[in-house]
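*Asks:* The numbers in our numbering rise by one with no breaks, and the one at position 174 of the sequence shown is 591.
My questions will all concern the structure given below.
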Amino acid sequence: MISGIVYIVGAGPGDPGLITVKGVECLRRADVIIYDRLVSPHLLDYAPFQAERIYVGKASSDHIRSQKETNRLLVEKARQGKTVVRLKGGDPFVFGRGGEEALALAEAGIPFEVVPGVTSAIAAPAYAGIPVTHRGVARSFAVFSGHRAELETRGHGDAETAAESRQASADTLGSERGPWNVERETLIVLMGVENLGSIVASLLEEGYSLETPVALVRWGTTPQQETVVGTLGDIVERGRELYPPAVLVVGQVVSLRERLKWFEDRPLFGKRILVTRFREQRSELSCLLAEQGAEPIDFPVIQILPTEDNTPLDEALALPHDWVIFTSANGVKAVWDRLQAAGRDARAFAGVRLCAIGLATAAELAAHGLHADFVLARHIAEAAVAGIGDATGQRILLPRADIAQEALAQGLRQKGAFVDEVVAYRTAIASDPTSNDIRAMLQDGQIDAIVFTSPSTVRGFFESKVQSPKSKAPIVACIGPVTAQTARDLGLRVDVVAKEHTVKGLVAALVDYYQKDGSRGLEKAAEGPTSSVPAPT
């Protein structure tokens with residue numbers, strides 16, 4: 418029997434951008450992914466659509482599967498000849514029981530590789546603005562577990578082990594650096610919230626001062642990150658309402674946080690923003706939102722499909738034209754696909770003037786070696802008609818979506834142009850397995866904003882039949898006036914309309930809205946209905 422292979426991959430501490438390149442490569446060729454509770458769900462998108470996804474997450478006192486069952490599952494899937502990725506939060510070998518899983522595989526004769534990950538012991542403090550070492554402040558750091566099996570009998574954390582470690586270091590370094598000083602070491606405790614009182618008491622017994630700075634970083638590196646700062650004398654009281662997972666940082670380096678914190682100061686930090694873009698295009702917008710500190714919630718209500726009959730588009734592309742007007746990047750992609758299917762390339766547009774409506778459309782043309790003669794940043798039909806100029810006798814090709822509005826074609830015809838308006842691609846309502854979860858988040862007021870990037874995403878959102886929220890309604894942000902008008906026509910109150918009609922412009926508008934209450938960088942939103950989210954129709 419041909420055995421598969423198991424990759425024990427560190428997923429990092431929560432921010433999906435912190436996984437290693439090799440970790441992503443393993444996910445992309447996985448047949449099976451066996452993943453933990455603290456793994457970012459966005460990482461699963463790297464895997465092939467058909468890959469089997471198995472959740473084996475563990476929370477305190479709540480284990481979906483025992484460790485023995487997980488070990489058996491790894492062996493079983495590999496013996497079926499499959500490529501298995503064991504995706505573990507943080508680093509597999511830092512209190513992740515990755516060593517136990519590797520031993521089980523070795524004993525079963527299963528090939529495996531270990532892909533290290535970024536541990537929360539370093540990443541969570543860093544995202545809270547706390548370096549684990551700093552010249553003149555802390556010359557070393559030590560990492561301990563706060564709820565090992567020994568806690569049940571010892572009644573306290575790993576402070577005794579920490580003391581032993583410090584003494585060993587003192588014996589090694591004492592002759593070179595002088596007497597050991599607990600104030601010059603950073604102590605990091607993972608999984609220690611539930612035993613915080615015992616850990617603090619033990620540290621005080623071992624020589625730490627009541628005034629020693631302490632920080633608790635909960636959900637480090639994620640948009641839900643929460644940092645509580647205090648001292649050993651008051652951290653138990655300050656952290657009373659803080660629940661796992663959290664990292665405890667003890668030492669003078671905590672005092673650097675006020676000057677070095679960066680992650681929590683980003684303008685959209687902690688905002689949950691629903692991204693309704695096409696499934697194929699959601700990545701750029703979600704990444705831009707995440708860079709500003711938001712938590713993008715992907716809800717792709719629309720998917721792009723080829724036309725059922727390509728003949729009309731193929732015939733139109735075979736005709737001579739004076740202009741070709743592209744209204745979206747999707748239109749560019751659809752036309753390019755048909756040209757390639759016919760064995761043609763960019764030379765098909767020799768002598769033809771190209772118009773791109775939207776900067777993203779112009780960028781897509783450029784990606785195929787085509788330069789737009791006229792670029793309209795704003796998605797407004799009247800402006801496009803005016804920009805073309807005298808259209809009398811001009812033959813214009815207008816490849817568009819199946820649900821595109823007729824205003825542009827009508828305006829060109831009124832100016833004397835012969836317009837070949839042809840459907841280049843179709844839009845359809847997307848089916849998403851997380852729809853029910855997202856509906857629940859909306860109804861419970863857990864979504865801060867909804868972004869729409871086209872009229873079709875607005876209509877697709879309505880087709881999803883999301884109910885009005887029980888508490889606060891999210892703000893509604895639109896990429897441009899056409900999208901905004903579609904939203905208003907369907908009963909939405911539009912709060913944000915980007916001045917630059919691109920995803921970057923939309924994110925910038927959201928930043929301005931939250932920083933300046935919408936006083937700059939936005940077009941004035943017209944008064945509309947009081948409810949931001951429609952009731953089901």
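Cβ atoms here follow ideal geometry from the backbone N, Cα and C, with glycine treated the same way.
(1) Measure from the alpha carbon of L909 to the alpha carbon of each residue in E517, I867, F512, A915, then state which is nearest.
(2) Of the choices A780, A735, A777, whose alpha-carbon is the least far from that of A767?
(3) Does the contact criterion of 3 or more C-beta pairs under 8 Å hold for the stretch 603 to 622 versus the stretch 519 to 528?
(4) Taking the DSSP output, what are the residues bridged to R817?
(5) Which ranges would you report for the beta strand (DSSP E) in the stretch 871 to 918 if only whole runs of at least 3 residues count?
(6) Residues in its own chain within less than 7 Å of L685 by CB, not counting five upstream and five downstream?
(7) Could you give the distance in angstroms between the alpha-carbon of G434 and the alpha-carbon of R761?
(8) If we call anything under 9 Å between Cβ atoms a contact, is V670 one with P509?
(9) Just to confirm my understanding: we take S586, look at its own chain, exclude 5 residues before and 5 after, and list those with CB closer than 6 Å. What are they?
(10) Put E524 into one of helix, strand or coil per three-state DSSP.
(11) Does the Cβ-Cβ distance between P816 and F869 come in under 9 Å?
(12) P729 lies in the alpha helix (DSSP H); which residues open and close that run?
(13) Which runs of the alpha helix (DSSP H) fall wholly inside the stretch 633 to 684 and span at least 4 residues, in chain order?
(14) Just to confirm the assignment, what range does the alpha helix (DSSP H) spanning D929 have?
(15) From the DSSP output, which residues share a beta bridge with R503?
(16) Within 10 Å of its beta-carbon, does G804 have 16 or more other beta-carbons around it, so buried, or fewer, so exposed?
(17) Could you check which residue in V456, Y463, R674 has the C-alpha nearest to that of V554?
(18) Measuring alpha carbon to alpha carbon, tell me which of V426, G507, L490 ends up nearest L455.
(19) How would you call V563, buried or exposed, if buried means at least 16 neighbouring beta carbons within 10 angstroms?
(20) Are the stretch 782 to 794 and the stretch 809 to 823 touching by the rule of at least three beta carbon pairs closer than 8 Å?
(21) Tell me which same chain residues have a C-beta within less than 8 Å of the C-beta of V463, skipping the five on either side of it?
(22) At the level of alpha carbons, what is the spacing between V899 and S871?
(23) Alpha carbon to alpha carbon, how far is I719 from V741?
(24) Run the CB neighbour count on Q757, radius 10 Å, all protein chains shown included, and call it buried at 16 or more, exposed below.
(25) DSSP beta-bridge partners for L604?
(26) At what residues does the beta strand (DSSP E) containing A773 begin and finish?
(27) Answer yes if the stretch 653 to 662 comes into contact with the stretch 831 to 841, meaning at least three C-beta pairs across the two stretches below 8 Å, and no otherwise.
(28) Run the CB neighbour count on G498, radius 10 Å, all protein chains shown included, and call it buried at 16 or more, exposed below.
(29) What does DSSP give as the partner residues of L829 in its beta bridges?
(30) Thinking C-beta only, is A495 closer than 9 Å to V423?
(31) Mind checking A746: buried by the 16 CB within 10 Å criterion, or exposed?
(32) According to the Cβ coordinates, are A545 and V666 closer than 9 Å?
(33) Restricting to Cα atoms, I'd like to know which of D807, Q822, P723, V752 is closest to Q831.
(34) For my contact list, S557 and E628 are in at a C-beta cut-off of 8 Å; report their separation, rounded to the angstrom.
(35) Go ahead and pull the three-state DSSP assignment for R552.
(36) Quick one: give me the first and last residue of the beta strand (DSSP E) that A464 is part of.
*Replies:* So, to answer that:
(1) With distances taken between Cα atoms, L909 lies closest to I867.
(2) For the options A780, A735, A777, the alpha carbon positioned closest to that of A767 is the one of A735.
(3) These segments do not touch.
(4) According to DSSP, which records beta bridges pairwise, R817 is partnered with V840.
(5) DSSP runs (the beta strand (DSSP E)) wholly in the stretch 871 to 918: 892 to 895.
(6) Taken in chain order, the residues that qualify are L706, Q709, G710, A711, L927, V928, Y931.
(7) If you take the alpha carbons of G434 and R761, they lie about 39 Å apart.
(8) It is not a contact, given that the beta carbons lie outside the stated cut-off.
(9) Only weak support exists for where S586 lies, its pLDDT of 46 falling under 50; the value from the coordinates is given anyway. Result list for S586: empty, nothing under 6 Å.
(10) Look at E524 here: in three-state DSSP terms it is helix.
(11) In terms of Cβ geometry, P816 and F869 do not form a close pair [threshold 9 Å].
(12) Run containing P729: 728 to 735, per the alpha helix (DSSP H) assignment.
(13) Scanning the stretch 633 to 684 from its first residue to its last, the whole alpha helix (DSSP H) runs of 4-plus residues come out as 652 to 655, 674 to 677.
(14) Where D929 is concerned, the enclosing alpha helix (DSSP H) stretches over 920 to 933.
(15) R503 is bridged to I425, I451.
(16) Under a 10 Å Cβ-count criterion, G804 is classified as exposed, with fewer than 16 other Cβ atoms of the shown protein chains found around its own Cβ.
(17) For V554, the nearest C-alpha among the options comes from R674.
(18) Ranked by Cα distance from L455, the first of V426, G507, L490 is G507.
(19) Before going on, a small fix: residue 563 reads as Gly here, not Val. Buried, since its Cβ has 16 or more Cβ neighbours within 10 Å.
(20) Judged by Cβ distances under 8 Å, the stretch 782 to 794 makes no contact with the stretch 809 to 823, as fewer than three pairs qualify.
(21) Here residue 463 turns out to be Tyr, not Val, going by the sequence shown. Within the same chain, Cβ atoms closer than 8 Å to the Cβ of Y463 are found at V441, L444, R445, the five residues on either side in sequence being excluded.
(22) Cα to Cα, the separation comes out at about 8 Å.
(23) Roughly 25 Å separates the two Cα atoms.
(24) With fewer than 16 other beta carbons inside 10 angstroms of its own, Q757 counts as exposed.
(25) Note: L604 sits in a beta bridge opposite A559, V667.
(26) Where A773 is concerned, the enclosing beta strand (DSSP E) stretches over 770 to 774.
(27) Not touching, per the Cβ criterion.
(28) With a threshold of 16 other beta carbon atoms within 10 Å, G498 falls short and is exposed.
(29) Bridge partners of L829 according to DSSP: none are assigned.
(30) For V423 and A495, yes; Cβs fall inside 9 Å.
(31) A746 counts as buried, since at least 16 other C-beta atoms from the protein chains shown sit within 10 angstroms of its C-beta.
(32) For the 9 Å CB-CB criterion, A545 and V666 form a contact.
(33) From the listed residues D807, Q822, P723, V752, the smallest Cα separation to Q831 is found for D807.
(34) Contact flag wrong, Cβ pair sits at about 20 Å.
(35) In the structure shown, the three-state DSSP call for R552 is coil.
(36) Segment: none, A464 is in no beta strand (DSSP E) and carries neither H nor E.
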